[in-house]
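Chains as they are written, first to last, in this note's numbering: chain A, 313 to 865; chain B, 34 to 759. Have a look at the structure below before the remarks.
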Amino acid sequence: MNLILCAPIFSHSSSGINQKNNVRRTLLNVKQDSQKWEKTEQAQESLEVFNERDYVEALGAGDSGCQGDLSDEISTAGRDLFTFQTIKRADKMAKLASELAQTPGKSVTFCAAGQQLTAGQIRDNGQSNQRKTPSKSKRKYVSTTPYRLRKRLTDLADLSSGSESDYSSSDSEGGEESTPGGVSNPRLTPEAVTPTPTPGKTAVKKSRKLAPPSLVELYFEAHSSSKVLTSDCTLQKLQTPKLDQETLERLVSDDRVPFAPEIRQLNKQHEKLFRKWMLQTQLGFSLVLYGLGSKRELLEEFRCQMLQGDVHVVVNGFFPNITLKSILNSITEEVLGYEGTFRNPVDQLNYIIRAFQEDSTLDLYLLIHNIDGQMLRGDRNQQILGQLSAIPGIHLLASIDHLNAPLMWDQTRNCLFNWLWYEVTTFKSYAEETSYENSLLVKQSGALALSSLIHVLRSLTPNARGIFKLLARFQLENKDNSYYPGLSFQDFYQRCRDAFLVNSNLTLRAQLTEFRDHKLIRNKKGADGVEYLIIPVDMATLTDFLEMEDKET
Amino acid sequence: MATSSVSRGCFVFKPKDSKKRKIPVAADFFNKGDAISESDRLQFSTYESLWQQMKEETERFQDNLNEKIFDSLLSFIKNSHIHLNSKVNDWSYRMRCSEIPTAAVVLGVNVPDHEMTFQRFSDLVKQSLTPHVVCLHGKECTTVKQVLQKVLMHLLGGTVNDEEAEEEDMHHSTPLSQRRIHCSMASLPGWYKAITQTSGSGSPSKKRKSCAVEKEQAPPIVIIFKDLETFLPEVLQNFITICSNYIQQLPLVLVFGIATSPITIHRMLPHAVSSLLCIELFQSLSCSDHLTTVIDKLVLTTKFPFKLSGKVLQVLIVIFLYHDFSVRNFVKGFQLSLLEHFYSQPLSLLCCSLDEANGRIRNLAHGDCERIRQVPSFMRYVDCQDSEKQIELLTNDQYLKDDVQKLLKDLHIYHENYFPVLKCLHVFTSSLPKYPLGKQIRELYVTCLERNVWETEEYSSAFQLLGMMANNELVSLLQKCIDVLKSSKQQKPLTDIRQKLEEFLSKFQKLDDIAPEMHDKEGDENNKTSPEKSLQKKTDLYELQKTLMEMKKSRRSKKLSRFEALRMEVLEFMDKLVRQYLLPPETQPLHEVIYFSGASTIRRHLNATPRTALQTALSKPYNYLQNEALRSEGETITNTAPDICIVYKLHLECGRLINLYDWLQAFVTVVSASEGQDPDKPSKGQVDQVLHARFIRAVSELEFLGFIKPTKQKTDHVARLTWGGF
């Protein structure tokens, strides 16, 4: 396996010389290129001044200048980014996959093959005969890969034959269902109507040219029906439907990073900016880093290289339990050495502002990985972070990854932050950032939750443990009830009293406060205003817990 | 790594030996290499002083701009409660006494600038009228309680602090502000009475004296709502109702900062509430005018040696016009350009006042001289010289230095003539219908910077229109031009131009005297032709056409009247001026020294498009990773691309929901093909674990980036969050 994985790396090293040549040439051509760029830009800008439409284009095209040093010819106009969605058929992805699986660039004729694939199970002879007529050699070439894919799919379908028909039917019906009334999907028409298999790409392009206004119609089509056009396969068909976090990490870490030299090259370019970052942060700008790939290591590198002599705070915005309070606390307590407490973040902020005003020698670097993190994106949090960054003694460097992250900041806040944007595309994997996430494909082992449960409960009195177990048992009894609201407080009290665990309402409440502090239980107000209690842990963990408890006693 | 943990998200690092710690200075980083040279320091200090000057200049003229509106606001506040003490009991007073005087200040949509305006305003009010000023932010006031708390804390806390500062007894200043959890407006009148009385009782302190001056008029309490639109309507309504109950005892004045239009007030406040207010409207200067002033003071001046190239200026103007209308951001862009210029252009060392530059030229090292020789505009200049001089310039450092001194002086003179002539041209063109060369001087300036303005179509059409100007219009234009020239430096070419224009002006005036006679003559001619016309009144169409043609011909060949001749002369003179003085800066040798041209740098730092970058990286990885294996054409990517790119590309083919299983299969097909594995291998529902893991990682990365999210609509599906894409 490893050998095969290395293949791209080997192939790269052989082309390494070419690469170097390229670099040298680009270096040589920098001047010319920049002139060229300026010329094009000049052309664009002269147009754009009072022409909004041109301006939208120039926005996209202007951005291509960003990568001017990386490559010369990117033109990703904003128009391409924000097109309407067209209806996609269920097999679209399989088609593309088969296309990609072929040798790169030869993207000619996957369409007919895809058609064959979908028709696989419900093929009628006439159609397949028709398909066989046109140019033989082409057909032969085409049929190879999709055939494999189809075979793979059919093989898998055999495993659980129940969903086979579902898969194909949802496939074929999908197209028809999505074309209500007279409007027919232009993606489909060339394939379905004309007997000759037109190459997919050109078909799409042609139809686009033919009927540009239908883009709007397509938007409404895509949204008119709530019907979802996907196959009904589930991950249960795999032998290992879900991997747990540990195996995942083990497997992925084995994987060698492809294109390592290029990524290193990118990184080196970014590292050259470190001194400039220092300069600009010192002059009162805040920096925000964007672009694909984890920017964590880069900022770490920056920290290690430039900030050794300075006081600095690193904030992991992607950390699921990060709070604004913890950030402010670490500034007031650890940096400023203040012992007291604050009523609210605004007070705390005011204290920080005052402290920095009074002592102008204070100098603090704030590095926030993922300022757009789940816990920090709130309006109030951003406001306070903005006010922090506006303090002259505090220098902020932050990274963003979410594609809608800039929406967090309105004009006023943007001004508060005083951002300078830097594109740092690193292509590094978001290993650390996504490891916290309860990813959809990763099995939750619950080991952490279980051990924390046990540890907390061990420190409590036997009565308290009894109370908790009582609640846990009740919750387990109701595990099949999907509308289970929890155990109401009164009911709970009665049960505890019966089991001689508490003698008054107050003692129970005191116990519950203890649990709540450790986040072992959660309160919920029911629709009728009654207070319900639940344990926010999944059933499997809870069962494990009760088993272990029983074993102990 | 020290900064990753499963229990903490926040890490503080302090250098170990805090004594040795030195405060980092920006100047330390003003170089790209390791060692910081003397010239780097010099450059940085030049940058700092230049920026300081510019900042001061901006602040100065911004104060001037706001002066008018501030004055009227101040007088409004002053007069709002003039009757409170004077006990006038007339009808109109009683009518108004229950209303809260309110100033609605319409500031425009450039919200980032408001902060500064209000800061200045509250300072001004504090200085001249009353110490009781409270500024409220909509975002901080989500309940009435919070509003009251803030107001009380500011008023009481502020004064308590003041008094204690006098008594040098700080012990309950902080407790008071914190203790006051229960707060009501009811406590204010008592406090206010106490304040006014103590100030009346006359104490030796400075502050009391200032209060005593205003004793006859108690200082009003000013409450500023900085951004009215962001306040919750009911909060505002309740607060105003509460205030109106106390208006008899407290001289309250409200100030609303409005970004949109005055109608907002009525939209937010029902009639019952708005009738409690006595609103007066104030209109601030429009942000476009503001920008014009900024450009006039910072850009169209010889005061600062630093200049922006046409493209940079255009980027900044576009950001202003299309994004925020914020002057503050414009100035920020200007600062960034200045910084970039000094940071990236080694010759910016000479971007300073002429005297300083002369000194610096003398101290130039050999390397710097070589650098000058490599500047493109200087190379062009050398090419134009005769061969002897060329050799001297390229070999003799001293000779070069002298020449550079001369060139910089020329550049300076060029600018001194440039701006007055530009302004004159603008005077002429800005009054034309449809503004062929732009209504604002900034548009004209950008055109002039970019190319030879006289070669543009707009220029010729403008001069055609000017050729049809009436006498009095032309005279007033000339007068304006003379005024412009008078206000600029009195120097050789400019004074000549002025004299010439004055000559023209007097000629025009003389023309007026002669005009009546002329008119008679012309009248005679008209009389001569008119009988003919009248004779042929009844002719056929052909005849009429012929006569008309003849008349046209005769008119064309007709000798120009004296006015027309003079007009031609003026226009020719203007044209000559433009051609002589409005050459684009690129034609000047050594323009690189003072012109900053990194338009794309500025744009990508100020007006970045993160989503484009993200999607480019995903769909065209070759743009970043220059590996031949990744090169592809059109919208496709190769199957060797990074996992996330493949997964992204596959997901583009899906609709609103994506089936994870199909996605995984497709991914496996692509990747195993790229690895040369035989996809035909009977796998029987088994997916290689490594591939599975790579898929999971790529998908969770896409989720992290916000392209997909988990959904419960269907098992093992995710929802797509973006549209279209490439």
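For each residue, glycine too, the CB sits at the ideal point set by N, CA and C. The model shown is predicted, which means the values in this text are computed figures rather than measured ones.
#1: Mind checking if Asn-628 of chain A is an interface residue toward chain B, Cβ cutoff 8 Å exclusive?
#2: Are there 16 or more other CB atoms within 10 angstroms of the CB of Met-851 of chain A, so buried, or fewer, so exposed?
#3: Which residue's Cα is closest to the Cα of Ile-634 of chain A: B:Leu-754, B:Cys-43 and B:His-170?
#4: Listed from N- to C-terminal order along the chain, which residues in the stretch 578-590 of chain A have their beta-carbon within a distance smaller than 8 Å of any beta-carbon of chain B?
#5: In terms of DSSP beta bridges, what is Lys-791 of chain A paired with?
#6: Could you name each continuous beta strand (DSSP E) segment of 3 residues or more that falls completely within the stretch 283-357 of chain B, going from the start of the chain to the end?
#7: Assess contact between the stretch 629-636 of chain B and the stretch 460-475 of chain B, defined as three or more Cβ pairs (one per stretch) separated by less than 8 Å. Is contact present?
#8: When you check each C-beta in the stretch 613-627 of chain A against every C-beta of chain B, which residues fall closer than 9 Å?
#9: Between the alpha carbons of Ile-424 of chain B and Cys-417 of chain B, how many angstroms are there, rounded?
#10: Within this structure, are the beta carbons of Leu-762 of chain A and Asp-856 of chain A separated by less than 8 Å?
#11: Please report the straight-line C-alpha distance between Ala-59 of chain B and Gln-86 of chain B, rounded to a whole angstrom.
#12: For a cutoff of 8 Å on Cβ pairs, would you count Tyr-796 of chain A as touching chain B?
#13: When the cut-off is 8 Å and only beta carbons count, does Gly-739 of chain B lie next to chain A?
#14: Can you name, in chain order, every residue of its own chain whose Cβ lies under 6 Å from the Cβ of Thr-79 of chain B, other than the five neighbours on each side?
#15: With C-beta atoms as the reference, is Phe-668 of chain A less than 8 Å away from Leu-661 of chain A?
#16: Counting only C-beta atoms, is Asp-829 of chain A closer than 8 Å to chain B at any point?
#17: Express the C-alpha separation of Ile-833 of chain A and Val-849 of chain A in angstroms, rounding to a whole number.
#18: Short of 6 Å in beta carbon distance, which residues of its chain neighbour Ser-321 of chain B, apart from the five on each side in sequence? Order them along the chain.
#19: Relative to the C-alpha of Pro-617 of chain B, which candidate in B:Leu-697, B:Phe-363 and B:Phe-452 has its C-alpha closest?
#20: Since Met-405 of chain A meets chain B, which of its residues come closer than 7 Å, beta carbon to beta carbon?
#21: What is the DSSP secondary structure of Cys-168 of chain B, counted as helix, strand or coil?
#22: For Ala-717 of chain A, would you say it is in contact with chain B, using Cβ-to-Cβ distances shorter than 8 Å as the test?
#23: Leaving out five residues before and five after Met-149 of chain B in sequence, what residues of the same chain have Cβ atoms less than 7 Å from its Cβ?
#24: If we ignore side chains and look at the alpha-carbon of each, how far apart do Asn-99 of chain B and Ser-72 of chain B end up?
#25: When the Cα atoms are used, what is the spatial distance from Asn-693 of chain A to Ser-342 of chain B?
#26: How far does the alpha helix (DSSP H) with His-714 of chain A in it extend, from its first residue to its last?
#27: So, helix, strand or coil for Val-193 of chain B, using DSSP?
#28: Out of curiosity, what's the CA-to-CA distance linking Arg-74 of chain B and Phe-63 of chain B?
#29: Can you tell me whether DSSP reads Phe-46 of chain B as helix, strand or coil?
#30: Under a CB-based cut-off of 8 Å, is Ala-409 of chain A close to chain B?
#31: Give me, in chain order, the residues of the same chain whose beta-carbon lies closer than 7 Å to that of Phe-363 of chain B; leave out the 5 immediate sequence neighbours on both sides.
#32: For Glu-625 of chain B, does the count of other Cβ atoms within 10 angstroms reach 16, so buried, or fall short, so exposed?
#33: Which class does Arg-153 of chain B belong to by DSSP, given the choice of helix, strand or coil?
#34: Please confirm if the stretch 708-725 of chain A is in contact with the stretch 602-618 of chain A, defined as three or more CB-CB distances below 8 Å between the two stretches.
#35: Taking buried to mean at least 16 other C-beta atoms within 10 Å of its own C-beta, is Arg-821 of chain A buried or exposed?
#36: I'd like to check one pair, Lys-781 of chain A with Glu-861 of chain A: are the Cβ atoms closer than 8 Å?
This is what the structure holds:
#1: For the purposes of this step, residue 628 of chain A is taken as the residue at position 316 of the first sequence. Chain B contact via Cβ: present.
#2: Taking the first residue of the first sequence as position 1, residue 851 of chain A is located at position 539. That one is exposed.
#3: Mapped onto the first sequence, residue 634 of chain A falls at position 322. Nearest C-alpha to Ile-634 of chain A: B:Cys-43.
#4: Leu-578, Lys-584, Arg-587, Lys-588 and Met-590
#5: Mapped onto the first sequence, residue 791 of chain A falls at position 479. Answer is none; Lys-791 of chain A lacks a bridge partner.
#6: 285-291 and 310-316
#7: no
#8: Arg-615, Met-618, Leu-619, Gln-620, Gly-621, Asp-622, Val-623, His-624, Val-625, Val-626 and Val-627
#9: Locating residue 424 of chain B in the second sequence gives position 391, where the first residue counts as 1. Locating residue 417 of chain B in the second sequence gives position 384, where the first residue counts as 1. For Ile-424 of chain B and Cys-417 of chain B, the distance between alpha carbons rounds to 12 Å.
#10: The residue you call residue 762 of chain A lines up with position 450 of the first sequence. The residue you call residue 856 of chain A lines up with position 544 of the first sequence. Their beta carbons are under 8 Å apart, which means Leu-762 of chain A touches Asp-856 of chain A by this criterion.
#11: On the second sequence, residue 59 of chain B is found 26 positions in, with the first residue counted as 1. On the second sequence, residue 86 of chain B is found 53 positions in, with the first residue counted as 1. One C-alpha to the other measures close to 18 Å.
#12: Against the first sequence, residue 796 of chain A aligns to sequence position 484. By this cut-off, Tyr-796 of chain A is not an interface position.
#13: Position 706 of the second sequence, counted from the first residue, corresponds to residue 739 of chain B. Closer than 8 Å: yes.
#14: Taking the second sequence and counting its residues from 1, the one referred to as residue 79 of chain B is at position 46. Taken in chain order, the residues that qualify are Cys-385.
#15: Mapped onto the first sequence, residue 668 of chain A falls at position 356. Mapped onto the first sequence, residue 661 of chain A falls at position 349. Not in contact: Phe-668 of chain A and Leu-661 of chain A (Cβ atoms no closer than 8 Å).
#16: Here residue 829 of chain A refers to the residue found at position 517 of the first sequence. No, Asp-829 of chain A does not count as interfacial toward chain B.
#17: Here residue 849 of chain A is taken as the residue at index 537 of the first sequence, counted from 1. Here residue 833 of chain A is taken as the residue at index 521 of the first sequence, counted from 1. Looking at the two C-alpha atoms, the distance is approximately 9 Å.
#18: Locating residue 321 of chain B in the second sequence gives position 288, where the first residue counts as 1. Around Ser-321 of chain B: no qualifying Cβ.
#19: As a working mapping, residue 617 of chain B is identified with position 584 in the second sequence. Looking at the Cα atoms, B:Phe-452 is the closest of the given residues.
#20: The sequence position of residue 405 of chain A within the first sequence is 93, counting from 1. What Met-405 of chain A touches in chain B: Leu-683, Glu-686, Cys-687, Asp-695, Trp-696 and Ala-699.
#21: Here residue 168 of chain B corresponds to residue number 135 of the second sequence, with the count starting at 1. Cys-168 of chain B: strand per DSSP, three-state reduction.
#22: Position 405 of the first sequence, counted from the start, is the residue given in the question as residue 717 of chain A. It does; some Cβ of chain B falls within 8 Å.
#23: Here residue 149 of chain B is taken as the residue at index 116 of the second sequence, counted from 1. Arg-361.
#24: Mapped onto the second sequence, residue 99 of chain B falls at position 66. Mapped onto the second sequence, residue 72 of chain B falls at position 39. Roughly 40 Å separates the two Cα atoms.
#25: Against the first sequence, residue 693 of chain A aligns to sequence position 381. Against the second sequence, residue 342 of chain B aligns to sequence position 309. The alpha-carbon atoms of Asn-693 of chain A and Ser-342 of chain B are separated by roughly 39 Å.
#26: Indexing the first sequence from 1 puts residue 714 of chain A at position 402. Here His-714 of chain A belongs to no alpha helix (DSSP H), and DSSP marks it neither H nor E.
#27: Position 160 of the second sequence, counted from the first residue, corresponds to residue 193 of chain B. Low per-residue confidence applies at Val-193 of chain B: pLDDT is 44, beneath 50, and the placement is therefore not dependable enough to give any value.
#28: Residue numbering aside, residue 74 of chain B sits at position 41 when the second sequence is read from its first letter. Residue numbering aside, residue 63 of chain B sits at position 30 when the second sequence is read from its first letter. Spanning the two alpha carbons is a distance of roughly 7 Å.
#29: Sequence index remark: in the second sequence, residue 46 of chain B carries index 13 (1-based). DSSP places Phe-46 of chain B in strand when its eight states are reduced to three.
#30: The sequence position of residue 409 of chain A within the first sequence is 97, counting from 1. It does: the Cβ of Ala-409 of chain A has a partner Cβ on chain B nearer than 8 Å.
#31: Within the second sequence, the letter at position 330 stands for residue 363 of chain B. Same-chain partners within the cutoff: Leu-324, Val-327, Leu-349 and Phe-353.
#32: For this step, residue 625 of chain B is matched to residue 592 along the second sequence. Label assigned to Glu-625 of chain B: buried.
#33: Sequence index remark: in the second sequence, residue 153 of chain B carries index 120 (1-based). Arg-153 of chain B falls in the helix class under three-state DSSP.
#34: yes
#35: What you label residue 821 of chain A is simply residue 509 of the first sequence in a count that begins at 1. Exposed is the call here.
#36: The sequence position of residue 861 of chain A within the first sequence is 549, counting from 1. The sequence position of residue 781 of chain A within the first sequence is 469, counting from 1. Yes, the Cβ-Cβ distance between Glu-861 of chain A and Lys-781 of chain A is below 8 Å.
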